[in-house]
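Quick notes on the structure that follows.
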RNA sequence: GGACGGGUGGGUGAGUGGCUAAAACCAGCAGACUGUAAAUCUGCCGCUCCUUGCGGGCUACGGAGGUUCGAAUCCUCCCCCGUCCA
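In our numbering, the protein residues as written are 928 to 1377.
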């Protein structure tokens, strides 16, 4: 064990770790754990469990990952648990649609790409990676029964997802007759007081769904993970709160101290409304190219920017607050603050130079209204003259000719910086040369005839 | 297994024989305004052809047939979903 001095002072740690957090439960216990760790020099075991259900991560997923990194930054042990076993059961929490059970192969493939992406944030050297199949796959019926005996049904049914489904459902018989795995959509937004109509509507409209027994098992099995990992603190999104608390209770049933839990708000997507999600198309994927990322981040509202600063950067809460005050006082232009944010985030995933370049490009194209110096290039062979609208489709700048035609008619197409007025315009492809095409606000393409 | 109700464009959801490529809203796209913001305003929003026109053709209202000059709308069968009863 190393000397206690390896940790920053507890209050400093606390400020850093609590940044952006929705809840820390129980707060006092968490602080005591930090104190104890500082005194004894024993790092806390902070763990985050993730079910590899989708292959690609977006910024929304990184909120909680970043928090895990913060523990790492403070010298604690980050345990990244891949729920390769639990993913095959399915978490009933806040699912918007029926998710077919994943096959072993899918889970493995997802887990691989997950890990690759996860280490853009976590320090690979300092991360303990575990898979819950390690122990869950070996659990016998006896152990499962014992596990179940530690948790009362009534408590389990208190959970909001279950409760609302039961209340909405009415008769028990119907519950039995349907073996469906689907769940009520219950998106939760970071600020409860700003619950938006869209979220309300979704919940109200959702039809009651049956609850299958295995759904009750999910929190218990993942609790077993917490038991095996002997975690001191578990991280999760706010929608995981119930699960995390069950984990804590079960740990204590197994004679462990019981972990603290730390939940993070759900990141609101680019539309400023719903949670960031691939299916809403309001996301920024962490493998997207720098300029794309930058552009998307610049399109968020000024207000939303602050929660991005909180949840997607390592900048301390104080720093964010100061910046916010500066903007409010007029000392800092919100756009500059936003560009700083975009640069920081892009740098996390593509490195500083790429981030600076993306920032420069953005300035060039959108503030100075000049052409980008690095539009993606497409090469075509020499040939007959071709209609511009057809070309736009060929190049993927429009989905169909009708769409391309509309785009031109609405004045959204530029050729070498000049707006195209004639929808019948033919492009000469007989001579070698490069021309710059713009379709809409953001799509640029350098077309080279060779 | 029985009784009802329902399946419409990316989503919600009107429409019960021609005026319907199909209301309205949302999402999306473009233009204006800006700080590529957001908000707002305007327009677009199935595919395709050309002579780019309030133009022509094709496809579309779960599936397959049918009635009719004409069907998302009526009939038959099938599939699927929901609610209630067992």
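Cβ atoms here follow ideal geometry from the backbone N, Cα and C, with glycine treated the same way. This one's a predicted model, so the numbers in the text were calculated from it and none came from an experiment.
A contact between stretches requires three or more CB pairs, one per stretch, nearer than 8 Å, and the stretch 982 to 998 meets this requirement with the stretch 1206 to 1214. Of the residues assessed, residue 964 falls on the buried side of the cut-off, its CB having 16 or more other CB atoms within 10 angstroms.
The Cβ atoms of residue 980 and residue 1059 do not sit closer than 8 Å to each other. When DSSP reads this structure, residue 1191 sits in a beta bridge with 1164.
Nearest to residue 1199 by alpha-carbon distance, out of 1226, 1191 and 1218, is 1226. In terms of Cβ geometry, residue 948 and residue 1189 form a close pair [threshold 8 Å]. Beta-bridge pairing by DSSP links residue 1316 to no other residue. The C-beta of residue 1343 has fewer than 16 other C-beta atoms within 10 Å across all chains shown, which makes the residue exposed. Annotated three-state conformation of residue 1210 is coil, per DSSP.
Around the C-beta of residue 1357, fewer than 16 other C-beta atoms lie within 10 Å, and the residue is accordingly described as exposed.
Take the alpha-carbon of residue 1296 and the one of residue 1237: they are about 31 Å apart. For residue 1186, the closest of 1288, 970 and 960 by C-alpha to C-alpha distance is 960. Ranked by Cα distance from residue 1326, the first of 1218, 1292, 1366 and 941 is 1366. Proximity of the stretch 1144 to 1163 to the stretch 996 to 1014 meets the contact definition, three or more beta-carbon pairs being nearer than 8 Å. Going by C-alpha positions, residue 1251 is about 11 Å away from residue 1234. Apart from sequence neighbours up to five positions away, no residue of its chain approaches residue 1256 with a beta-carbon distance below 6 Å. Residue range 1244 to 1256 is occupied by the alpha helix (DSSP H) that includes residue 1249. One thing to note: residue 1264 has its Cβ no nearer than 8 Å to the Cβ of residue 1273.
A Cβ-Cβ distance of about 16 Å is found for the pair residue 975 and residue 952, leaving them out of contact under the 8 Å criterion. In terms of CA proximity to residue 1179, 1159 leads the group 1191, 1159 and 971. Note that the stretch 1239 to 1247 does not touch the stretch 1201 to 1210; fewer than 3 beta-carbon pairs, one per stretch, sit closer than 8 Å. Under the 10 Å beta carbon count, residue 1168 is surrounded by 16 or more other beta carbons and is classified as buried. Collapsing the DSSP output to three states places residue 1149 in a helix. By the C-beta density criterion, residue 1303 is exposed, having fewer than 16 other C-beta atoms within 10 angstroms.
The three-state reading of DSSP puts residue 974 in strand, counting E and B together. In this structure residue 1369 is exposed. Its beta-carbon is surrounded by fewer than 16 other beta-carbon atoms within 10 angstroms. Closest by C-alpha distance to residue 1174, out of 977, 1146 and 1182, is 1146. For residue 1292, same chain residues with a beta-carbon under 6 Å away, outside a window of 5 residues either side, are 1299 in chain order. Where residue 1372 is concerned, the enclosing beta strand (DSSP E) starts and stops at 1370 to 1376. Taking 8 Å as the cut-off, the Cβ atoms of residue 997 and residue 944 count as close.
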